[in-house]
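Visitor: This structure is in C-alpha cells; I'll ask about it shortly.
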Ligand code: PFF
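Numbering (my numbering), first residue to last: 8 to 465.
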C-alpha cells in the first residue's frame, strides 16, 4: 500500500483511532439528535446500539483492515479477489465523502465561533451576563449572523478546506494527531467543568429529566433509525475510517480492548455533552425557541459561557479544542478517499488530496448555503445539508455495516475473525465465538430490521 501515515507507537495508534472517532459527532450531532428524538428514550437506544451493534461492527472493521492491510476497497479485493465485495468498500467511501461534505461546514462554524471568541465579538453587546432575560435571543441572533447567512460561514468552510489541504499535503497529520492526543484529555476536563456548571443552574432538573428519564412511548421506528445512525456516525463506522486505520495496526494490538476504549470515550463525550446542553436548554428557556437541531449547541454553549466569569476565555478554550477534534476527524475521513486514490488509481499524494478536497469548494458551499439563501431549496422535504446528513448517516452507514457484517461473518477467508481477535492464536480468548455469532446473525438482522421499519413507517 502507498506510503501514508506512519504510526510510531501503539498507543499513538489507539489514540489516533480515538481522535478520529471523537469529533463533532459526539459534541455537535449527539445533542441535536437527542433533542429531536425525544431525549432519554433516544439515549437509551443509542447506548444499546453502541454496545450490541457498534462494538461488534467495529471489531469486524478492525479485523478486516488488519487482515487485508489496504484501503477500504483494497481489503475486499485482497481478501476476496474477483468478487464484487469491494462494492461495500466503495459504498463506504461514498458515505465518508458525503459526510465530509457537510462536516466541513460545521467545522467552519467552529472556526467562526473560535475567531469570534478570541476577538470578543461573540459576547459583544451582551448587557447582563448573569441573568438570562438579558441574554434572551442574544445568542440566537449571533448564531443567525454567523451561520444562517451566506458569506461568513462560506468563507469559514473554505478556510477549513484550506487547512485540511495543508495538513494532508504537508504531512503534518502526525503532528495534528499528537496535538490531539494532548488536547483531547483537556477537552474532557473542560466538559466535566462545564457539566458542574450546568447541573447547578436553576431549572436544570427539567433538562436532566428530559435527558435521563425515558418515555418509552417515544421510541418510534424513526427514533430507532436515528439512534442507529448516530451510533455509526459517532463511532466512525461504515465510513472506511476504521478499516483504513487498522490496516496499520501491528499484530499484537488487542482489537477487543481497542474497540472498548474507542466506544467508551465516544459514549462518555456524548453523555457529558447531554449533561451540559439539556440543563442549559431548560434553564435558559431555549426549548421554546424552536432551535434548529444542527444549530443547538452553537446557541446553548455561548449562553453557558456567558454565565461564567471570563466568557471569552472559556469560549476560546472550548472552540480551540473542538476545532482540533473536528480537524482530526476531517483529516481521517479525507484520508479514506485519498488512500483509495493513491492505492487504486496510483495518484501522487498532492494530486489525490486536491482531487478529493477541491470538489468540496462547490459541494460544501451548497451545504453551507442551505442555512442561508438556499434554505428554501429542499430535497424530499429537507434542506441540502439535512438531506445529505440523513441519507449518508441513516441509510448509507447502516447499509455498509450490514455488508461488512455479512462479509466478515460468512464470506471472508475462514478463520479471519478468530485469527484477528486472538492475535493469530497468541491470545487465549473465546470471545470471538460470541462476536462471530453477533456479526453473523444479530447485527445484520437488527440493522436491517431497523432500516426496514423506518421505510415501512414512512
Ligand atoms: N466519529 C466521528 C465524529 O463523531 O465526529 C466521525 C466522523 C465524522 C469523522 C465525520 C470524520 C468526519 F469527517
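A virtual CB, placed ideally from N, CA and C, is assigned to each residue, including glycine. Computed from a predicted model, the values in this text were never measured in an experiment.
1) From residue 144 to residue 218, what does the alpha carbon distance come to, in whole angstroms?
2) Counting beta carbon pairs with one atom in the region 276-290 and one in the region 18-27, are three or more of them shorter than 8 Å?
3) So, helix, strand or coil for residue 201, using DSSP?
4) Quick one, what's near the ligand PFF if you take every residue whose CB is closer than 5 Å to any heavy atom, in chain order?
5) On a Cα-Cα basis, can you pick out the residue from 108, 133, 73 that is closest to residue 257?
6) Only counting the same chain, and skipping five residues up and downstream in sequence, which positions put a Cβ closer than 8 Å to that of residue 364?
7) Return the residue from the list 320, 245, 348, 237 that minimises the CA-CA distance to residue 57.
8) Whole angstroms are fine: how far does the CA of residue 63 sit from the CA of residue 442?
9) Nearest by alpha-carbon distance to residue 162: which of 197, 119, 193, 146 is it?
10) State yes or no: is the C-beta of residue 69 within less than 7 Å of the C-beta of residue 253?
11) In whole angstroms, what is the alpha-carbon distance linking residue 52 and residue 27?
12) With a threshold of 7 Å on Cβ separation, who are the neighbours of residue 448 within its own chain once the five nearest residues in sequence on each side are excluded?
13) Expressed to the nearest angstrom, what Euclidean distance is found between the alpha-carbon atoms of residue 469 and residue 451?
14) Is it buried or exposed, residue 196, if we count other Cβ atoms within 10 angstroms and call 16 or more buried?
15) For residue 335 and residue 416, I'd like the C-alpha separation in whole angstroms.
16) Grouping DSSP H, G and I as helix and E and B as strand, with all else coil, what is residue 390?
17) Tell me whether residue 194 is buried or exposed, calling it buried when 16 or more other Cβ atoms sit within 10 Å of its Cβ.
18) Inspect the beta-carbon positions of residue 330 and residue 121 and report whether they are closer than 7 Å.
19) In whole angstroms, give me the CA-to-CA distance for residue 454 and residue 66.
20) Distance check for residue 438 and residue 227, CA to CA, integer angstroms please.
21) Can at least three beta-carbon pairs, one atom from the region 356-376 and one from the region 386-395, be found at a separation below 8 Å?
22) From this set, 188, 186, 290, which residue's C-alpha is nearest residue 216's C-alpha?
23) With DSSP as the reference, identify every bridge partner of residue 2, one or two as the case may be.
24) Shortest alpha-carbon distance to residue 368 belongs to which of 30, 112, 95?
25) Could you compute how far the alpha carbon of residue 411 sits from the alpha carbon of residue 148?
26) Considering just the uninterrupted stretch of the alpha helix (DSSP H) at residue 238, what are its terminal residues?
27) Could you pull out every unbroken alpha helix (DSSP H) segment of at least 4 residues lying fully inside the region 152-189, listed in chain order?
28) DSSP state of residue 288, grouped into three classes?
29) How long is the line joining the alpha carbons of residue 301 and residue 413, rounded to whole angstroms?
30) For residue 406, I'd like the list of residues in its chain whose CB is within less than 7 Å of its CB, leaving aside the five on either flank, ordered along the chain.
31) By Cβ distance below 7 Å, which residues in the same chain neighbour residue 319 in space, the five residues on each side in sequence not counted?
32) If we count the other Cβ atoms within 10 Å of its Cβ and call it buried at 16 or more, is residue 42 buried or exposed?
33) Between which two residues does the alpha helix (DSSP H) carrying residue 358 extend?
34) To the nearest whole angstrom, what separates the beta carbons of residue 106 and residue 400, a pair I think is in contact under 8 Å?
35) Taking C-beta to C-beta, are residue 260 and residue 343 nearer than 7 Å?
Guide: On the basis of the supplied data:
1) 23 Å
2) no
3) helix
4) 28, 30, 31, 32, 106, 107, 110, 241, 243, 336, 337, 340
5) 73
6) 168, 171, 172, 175, 341
7) When only C-alpha atoms are compared, the closest one is 237.
8) 6 Å
9) 119
10) yes
11) 23 Å
12) none
13) Residue 469 is absent from the model: the chain starts at 8 and stops at 465.
14) Exposed is the call here.
15) Computed Cα separation, rounded: 31 Å.
16) strand
17) Burial call: buried.
18) Their beta carbons are under 7 Å apart, which means residue 330 touches residue 121 by this criterion.
19) One Cα belongs to residue 454, the other to residue 66, and the distance between them is close to 16 Å.
20) Distance between the alpha carbons of residue 227 and residue 438: 33 Å.
21) yes
22) Nearest C-alpha to residue 216 among 188, 186, 290: 290.
23) Nothing about residue 2 can be reported from this structure: the residues present for the chain run from 8 to 465 only.
24) 112
25) 44 Å
26) 228-241
27) 158-176
28) Residue 288: helix per DSSP, three-state reduction.
29) Rounded to whole angstroms, residue 301 to residue 413 spans 33 Å at the Cα level.
30) 98
31) 124, 127, 130
32) buried
33) 356-364
34) 7 Å
35) no
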